[in-house]
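Undergrad: Heads up, my numbering is the position in the sequence shown plus 53, with the first residue counted as 1.
Think of the CB as a built atom: it goes at the ideal place given N, C-alpha and C, for glycine as much as any other residue.
Predicted, not measured: the structure shown is a model, and the values here were computed from it.
Please read through the structure below; I'll follow up with questions.
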Amino acid sequence: MAHSADSRIEAATEYFRRIDRGDPTILDLFTDDVEVYFPKFGVGYGKAEFMELAKGLMGSLKSIRHDIDRLTFHVAGDHVIVEGFESGVMADGTPWPIEGRSEGRFANVFAFDGDLIRRLYIYADPDFASTHEERFLWGDKVRMSKDWKR
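Encoded structure:
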């Protein structure tokens with residue numbers, strides 16, 4: 054059975070919608086042995102380890118929102134790469150992103166088995182609220198000299 058790029062793009066888009074809603078049916082989008090990666094988490098295998106990642110991440114956030122209208126998709130075989138913007142509120146009430154820092158940019162790499170996600174690698178700065186000042190090695194002068202508007 055052929056699986057179209059459009060159906061895989063729709064599955065990736067649905068992933069973001071369900072993440073934003075905190076919808077536990079997100080697991081229906083994955084193979085049982087899904088492989089997941091997130092910075093500071095590492096690589097996990099299976100739906101249970103995906104849920105550990107999700108619980109840990111969502112425990113630090115009050116909310117998360119992906120700008121669905123601004124997602125950019127790149128399809129290569131059974132892979133869909135998604136670039137986009139995310140925003141939200143930390144558990145302590147701090148909104149993010151912080152302008153001039155990460156801008157909420159992310160990229161996710163999905164690999165599919167049919168229309169199910171078998172691999173998901175998430176590339177995003179886990180310092181959503183830009184609290185790790187010591188990591189801004191180039192300083193405000195350089196960063197603020199750029200046009201950081203989206």
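Just to confirm the assignment, what range does the beta strand (DSSP E) spanning F138 have?
TA: H132 to M143
Undergrad: For the segment 98-116 against the segment 150-170, are there 3 or more C-beta pairs whose distance is under 8 Å?
TA: no
Undergrad: Can at least three beta-carbon pairs, one atom from the segment 92-101 and one from the segment 130-150, be found at a separation below 8 Å?
TA: no
Undergrad: Which residue wins for smallest C-alpha separation from S116, given the options A58, L169 and R70?
TA: R70
Undergrad: So, with DSSP's three-state summary, where would you put A182?
TA: Note that A182 has pLDDT 46, beneath the 50 cutoff, so the model's placement of it is unreliable and the number below is only indicative. In this structure, A182 counts as coil in the three-state DSSP scheme.
Undergrad: Taking just the CA atoms, how far does V128 sit from D85?
TA: 23 Å
Undergrad: Determine, using beta carbons only, whether R61 and D145 come nearer to each other than 9 Å.
TA: no
Undergrad: Thinking L82 and L169 are a contact (beta carbons under 8 Å), I'd like their distance in whole angstroms, please.
TA: Right, the Cβ-Cβ distance comes to about 7 Å (below 8 Å), so this counts as a contact.
Undergrad: Taking only three categories from DSSP, how would you classify F94?
TA: coil
Undergrad: Beta-carbon within less than 7 Å of V162's beta-carbon, same chain only, minus the 5 sequence neighbours each way: which residues are those?
TA: Around V162: H132, I134 and Y174.
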